[in-house]
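Sequences listed follow chains A and B, in order.
Quick note: the first sequence uses the working numbering, first residue 1, plus one each step.
Quick note: the second sequence uses the working numbering, first residue 1001, plus one each step.
Using N, Cα and C, we set each Cβ at its ideal position, and we do this for glycine too.
Quick caveat: nothing in here was measured; it's all calculated off a predicted structure.
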Amino acid sequence: MRGRLIWRVARLVERREETPTARTLLFQVPGWPGHLAGQHIDIRLTAADGYSTQRSYSLAAPPDEDRVELTVQQVPDGEVSPYLTQVLGIGDPVEIRGPVGGWFVWRPTATEPVLLVAGGSGIVPLMAMVRARQAAGSRIPFRLIYSVRTPQEIYYAAELRRGAPGLDVTYLYTRVAPEEVTRPPGRISVYDVNTHGWPAEFEPTCYVCGPTGFVETVADILVALGHDPRRIKTERFGPTGG
Amino acid sequence: MGIVSPGFQGRPRRGDTRLPPGQYLTEGFPVLSAGPTPRIPTDRWEFVITTETGQEYRWSWADLMALPSETPTVDIHCVTKWSKLGTIWQGVSLDTLFTEVDSAADFALVHSYGGYTTNLPLEDLLDGQAWIAYRYEGEALAPEHGGPARLLVPHLYFWKSAKWVRGIQLLLTDEPGFWETAGYHNYGDPWREQRYQGD
């Protein structure tokens, strides 16, 4: 059993634009105990009058000493996300505790092939897995199916375009697709998962992350295609007004 | 008081005393699950209480429907920080199901279709605190929310309200369930903000 998860002061080191409405935030957190790809943290914001509120965010990258990286999608009228994406200044403090979650994780010691299926901002913990694989020099074959509304909404676009040996990336566009893409824009289907995922016989570990409806659909498809439900790990981002 | 984040104001304070520390209100009904949603037809559904001596008490779906039900209106609190107030359920009180059960156990391990488990003290399931719920807001409980039936224990964080519930195993010693093994708090009282081990 590990000790209590304590609140640590984290200071913003860098903020990068991923899309017009999403920002990657890099924090320095002295004493950070490290984490696994797929885990998340709790963040606590406190106002000058003592009011405070908390949210959970997935970590976007494996640990880099005492630095942790989040990607935050700005929710219209959100209480926390517009502050993080626009107001919080370099050097300003927030409080973070974690890491949290021991199920939706990928460990570099795992030997099974991996299928990652992301819906929108659900890419964040899956990107941590892609990066952890890279950082560990792992040769485990990864396939990533990434569903986005439009090409402009792809997170980590340049890094994914550079790619990595043994990592296959497929984009599915639901509203607007680039001209060279022959698949008409639309939601993820059995065909997409069957074509771009792994055959069930390969016994991959499948990680599915996105909005609830997306995750329900993809998990049902994977079960229908013969994947063992115990190897399908899901994380749902609800419309919780973050 | 925590460290102040410059420029953070937050929402207008509602001063709602029904909201536990660290929680915020949601109007939606978010879903938190570790895997695919199991589909259990009611003609294959059953619910089993197993005592520490191995004695079993079984109910089919028809048996459950034949029992007197209650319609509790309760606030629910998810460890991921959302709370939803005044939710209306229909289900059978566990007091009803435990009427005939003979046990000296202090602990319960709840099992779900799909393999999920969660643990809690038996006393938290009794005395009008817990139900096997099969309707939500007047509708049959949807599969993604745990239908056909889920445990409802609203005074603890909502992961204790196991979806797709299939049985309760009574134990003389406590045995941690799925999230409890993965670093979440063993008891999970939202009013004491018992989210993670050590809280």
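Test: T109 of chain A CB closer than 8 angstroms to a CB of chain B: For the purposes of this step, residue 109 of chain A is taken as the residue at position 109 of the first sequence. False, the Cβ-Cβ gap to chain B never drops below 8 angstroms.
Beta-carbon spacing of A1105 of chain B, L1170 of chain B below 8 angstroms: Residue 1105 of chain B sits at position 105 when you count from the first residue of the second sequence. Residue 1170 of chain B sits at position 170 when you count from the first residue of the second sequence. Yes, the Cβ-Cβ distance between A1105 of chain B and L1170 of chain B is below 8 angstroms.
Boundaries (first-last residue) of the beta strand (DSSP E) holding H1111 of chain B: Here residue 1111 of chain B corresponds to residue number 111 of the second sequence, with the count starting at 1. Counting along the chain, the beta strand (DSSP E) containing H1111 of chain B begins and ends at 1107-1112.
Same chain, Cβ closer than 6 angstroms to G1146 of chain B, five either side skipped, listed in chain order: On the second sequence, position 146 is the one that residue 1146 of chain B refers to. K1163, W1164, listed in sequence order.
Beta-carbon proximity list for I1076 of chain B, same chain, < 6 angstroms, skipping 5 on both sides: Here residue 1076 of chain B refers to the residue found at position 76 of the second sequence. Excluding sequence positions up to five before and after I1076 of chain B, its CB lies within less than 6 angstroms of the CB of K1084, T1087, P1154, F1158, all in the same chain and listed in chain order.
is_contact[P1006 of chain B, chain A] using C-beta, thresh 8 angstroms: Looking up residue 1006 of chain B in the second sequence gives position 6. Yes, contact with chain A.
S1060 of chain B, DSSP secondary structure in three states: Within the second sequence, numbered from 1, the residue matching residue 1060 of chain B stands at position 60. Strand, per DSSP.
Three-state secondary structure (DSSP) of W1191 of chain B: What you label residue 1191 of chain B is simply residue 191 of the second sequence in a count that begins at 1. Note: W1191 of chain B maps to helix in three-state DSSP.
Cβ of E79 of chain A within 8 angstroms of any chain B Cβ: Stepping through the first sequence from its first residue, residue 79 of chain A is reached at position 79. So yes, E79 of chain A belongs to the interface.
Exposure label - R1018 of chain B; buried when at least 16 CB within 10 Å: Within the second sequence, numbered from 1, the residue matching residue 1018 of chain B stands at position 18. Answer is exposed; the Cβ neighbour count stays below 16.
Status (buried if at least 16 other CB within 10 Å, exposed otherwise) for P185 of chain A: In the first sequence, residue 185 of chain A corresponds to position 185, counting from 1. So P185 of chain A ends up on the exposed side.
Counted within 10 angstroms of its Cβ, other Cβ atoms place V1079 of chain B as buried (16 or more) or exposed: Taking the first residue of the second sequence as position 1, residue 1079 of chain B is located at position 79. Buried, since its Cβ has 16 or more Cβ neighbours within 10 Å.
Opening and closing residue of the alpha helix (DSSP H) in which T1053 of chain B lies: Position 53 of the second sequence, counting from 1, holds the residue named residue 1053 of chain B. That residue, T1053 of chain B, is in no alpha helix (DSSP H); it is neither H nor E in DSSP.
W1082 of chain B - containing beta strand (DSSP E), residue span: The residue you call residue 1082 of chain B lines up with position 82 of the second sequence. First-last of the beta strand (DSSP E) with W1082 of chain B: 1082-1093.
Beta-carbon spacing of R4 of chain A, D1199 of chain B below 8 angstroms: Counting from one through the first sequence, the residue named residue 4 of chain A turns up at place 4. Counting from one through the second sequence, the residue named residue 1199 of chain B turns up at place 199. In this structure, the beta-carbon distance from R4 of chain A to D1199 of chain B falls below 8 angstroms.
Residue range of the unbroken beta strand (DSSP E) whose run includes Q1169 of chain B: Translated into positions along the second sequence, residue 1169 of chain B becomes position 169. Where Q1169 of chain B is concerned, the enclosing beta strand (DSSP E) stretches over 1165-1171.
9 angstroms Cβ cut-off: residues of chain A touching G1115 of chain B: Here the question's residue 1115 of chain B lines up with position 115 in the second sequence. Residues of chain A with a Cβ closer than 9 angstroms to the Cβ of G1115 of chain B are, in chain order, P229, R230.
CB contact flag (R1011 of chain B, E79 of chain A, <8 angstroms): As a position in the second sequence, residue 1011 of chain B is number 11, starting the count at 1. As a position in the first sequence, residue 79 of chain A is number 79, starting the count at 1. A contact, by the Cβ cut-off of 8 angstroms.
Interface partners of D1199 of chain B on chain A, CB under 9 angstroms: For the purposes of this step, residue 1199 of chain B is taken as residue 199 along the second sequence, with counting starting at 1. Result: R4, L5.
Own chain residues within Cβ distance below 7 angstroms of M1 of chain A, not counting five before or after: Taking the first residue of the first sequence as position 1, residue 1 of chain A is located at position 1. With a pLDDT of only 43 at M1 of chain A, under 50, the local geometry of the prediction cannot be trusted, and no value is derived from it.
Between the CA atoms of G1022 of chain B and H1185 of chain B - distance to the nearest angstrom: Here residue 1185 of chain B corresponds to residue number 185 of the second sequence, with the count starting at 1. Here residue 1022 of chain B corresponds to residue number 22 of the second sequence, with the count starting at 1. Whole-angstrom Cα-Cα distance: 15 angstroms.
Spatially closest choice to D1063 of chain B from B:I1132, B:P1006, B:P1036, B:E1193, by CA coordinates: Locating residue 1063 of chain B in the second sequence gives position 63, where the first residue counts as 1. Of the candidates B:I1132, B:P1006, B:P1036, B:E1193, B:I1132 places its Cα closest to the Cα of D1063 of chain B.
Same chain, Cβ closer than 8 angstroms to F27 of chain A, five either side skipped, listed in chain order: Against the first sequence, residue 27 of chain A aligns to sequence position 27. So the qualifying residues of the chain are A10, R11, L12, V13, R67, V68, E69, L70, V94, I96.
Cβ-heavy atom distance, Q28 of chain A to the ligand GTP, below 7 angstroms: The ligand GTP is absent from the structure shown, which contains no ligand whatsoever.
Q86 of chain A in three-state terms, based on DSSP: Residue mapping note: residue 86 of chain A aligns to position 86 of the first sequence, counting from 1. Helix, per DSSP.
C-beta neighbour in chain A for T1037 of chain B, strict 8 angstroms: Within the second sequence, residue 1037 of chain B is the residue found at index 37, counting from 1. T1037 of chain B counts as touching chain A.
CB contact below 8 angstroms: P63 of chain A versus chain B: Mapped onto the first sequence, residue 63 of chain A falls at position 63. No, no contact with chain B.
Residues near Q73 of chain A in its chain [Cβ-Cβ closer than 6 angstroms; skip 5 each side]: For the purposes of this step, residue 73 of chain A is taken as residue 73 along the first sequence, with counting starting at 1. Result list for Q73 of chain A: A22, S121, in chain order.
Any 3 or more C-beta pairs closer than 8 angstroms across the segment 201-218 of chain A and the segment 229-238 of chain A: For the pair of segments examined, the segment 201-218 of chain A was found to touch the segment 229-238 of chain A: the number of CB pairs separated by less than 8 angstroms reaches three.
Best match in B:P1041, B:D1102, B:R1014 for proximity to Y1134 of chain B [C-alpha to C-alpha]: Within the second sequence, the letter at position 134 stands for residue 1134 of chain B. Ranking the options by Cα distance to Y1134 of chain B, first place goes to B:P1041.
Extent of the continuous alpha helix (DSSP H) run through T1117 of chain B: Position 117 of the second sequence, counting from 1, holds the residue named residue 1117 of chain B. Not the alpha helix (DSSP H): T1117 of chain B falls in the beta strand (DSSP E), residues 1117-1121.
Reduced DSSP secondary structure (H/G/I, E/B, other) of H40 of chain A: Working through the first sequence from its first residue, we reach residue 40 of chain A at position 40. Note: H40 of chain A maps to strand in three-state DSSP.
Separation of L222 of chain A from V193 of chain A, as counted between CA atoms: Position 193 of the first sequence, counted from the start, is the residue given in the question as residue 193 of chain A. Position 222 of the first sequence, counted from the start, is the residue given in the question as residue 222 of chain A. Cα to Cα, V193 of chain A sits roughly 8 angstroms from L222 of chain A.
Minimum Cβ-Cβ distance from K1081 of chain B to chain A less than 8 angstroms: On the second sequence, position 81 is the one that residue 1081 of chain B refers to. It does: the Cβ of K1081 of chain B has a partner Cβ on chain A nearer than 8 angstroms.
Pair within 8 angstroms by beta-carbon distance, D1124 of chain B and L1156 of chain B: Start at 1 with the first residue of the second sequence, and residue 1124 of chain B comes out as number 124. Start at 1 with the first residue of the second sequence, and residue 1156 of chain B comes out as number 156. It is a contact, given that the beta carbons lie within the stated cut-off.
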